[in-house]
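Engineer: Questions regarding the structure given below will be posed in turn.
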Amino acid sequence: MLDGIANPFLEQVAGPVPITLRRLRDAGPSAIGQAVAVLQASHIRPDGSLARRYEQGRLFDELYDSVHARTAGQARFYVAQTAEGGRVVGVAGYRQAWCSAFGWELSYAGVHPDWQGRGIGQALIRIRLSGIRLEGSDGDFVIVRAARPETYRRMGFSPCMGDPNLLVGKVGALGEGV
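Written out as structure tokens, the structure reads:
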């Protein structure tokens, strides 16, 4: 809490192992490398390959820039860390959409396979939506391409352009279903 107001950059996830969500820039020096490893582990294909966007150098640059660069439109990332040891077990980002001044994009997201099914992914969605609410307005839209669109549908997102994995929603109406 900050002066009686919930800190939008810090959230606790209940469970047998305490997890804290925080901005990547506040997570410590080893967090970028750990976040890269989590994103790769959570997006590895059955044949062991990764899509180009999950290549180590590309991910490292994106995450590093989010911490150290100060440019408009730069992605903001959150990590889920264990309370003991600060191990990164989840990571997710968002940014202003390139297509509209009134839009936001939920970008890279992943929870390490050993930590999935504990509500960490849903908590990462909620904290990103909280960040967007602080920066945007209720009339803004949020867009996401999701491998598991049902989670986003429960939160108020709707399929977009006939693609069940491309979802959109209005900022003021999102996040209530989880």
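Residue numbering for the sequence shown follows my numbering, beginning at -14 and increasing consecutively.
Yeah, the Cβ is synthetic: ideal placement off N, Cα and C, and Gly gets one too.
#1: Have a look at Pro3, Ala12, Met146, Ser85 and flag the residue whose alpha-carbon is nearest the alpha-carbon of Gly121.
#2: To the nearest angstrom, how far is it from the Cα of Ser115 to the Cα of Arg30?
#3: Would you identify the three-state DSSP class for Ser122, choosing helix, strand or coil?
#4: Is there contact between the region 40 to 51 and the region 98 to 113, where contact requires at least three CB pairs shorter than 8 Å?
#5: Taking Glu47 as the reference, give the member of Arg72, Arg10, Val129 with the closest Cα.
#6: Can you list, in chain order, the residues of its chain with a C-beta nearer than 8 Å to that of Gln59? Leave out the 5 residues immediately preceding and following it.
#7: Could you round the C-beta distance between Gly124 and Phe87 to whole angstroms and report it? I think they count as a contact, below 8 Å.
Structural biologist: With the structure as the only source:
#1: Residue numbering aside, residue 121 sits at position 136 when the sequence shown is read from its first letter. Cα-wise, what sits closest to Gly121 is Ser85.
#2: Translated into positions along the sequence shown, residue 115 becomes position 130. Translated into positions along the sequence shown, residue 30 becomes position 45. For Ser115 and Arg30, the distance between alpha carbons rounds to 31 Å.
#3: Taking the sequence shown and counting its residues from 1, one reaches residue 122 at position 137. Coil.
#4: no
#5: As a first step, residue 47 must be located in the sequence shown, where it is residue number 62. That would be Arg10, whose Cα lies nearest to the Cα of Glu47.
#6: Within the sequence shown, residue 59 is the residue found at index 74, counting from 1. Cβ neighbours of Gln59 beyond the five flanking positions: Asp50, Ser51, Arg80.
#7: Residue 124 sits at position 139 when you count from the first residue of the sequence shown. Residue 87 sits at position 102 when you count from the first residue of the sequence shown. 7 Å between Cβ atoms; contact.
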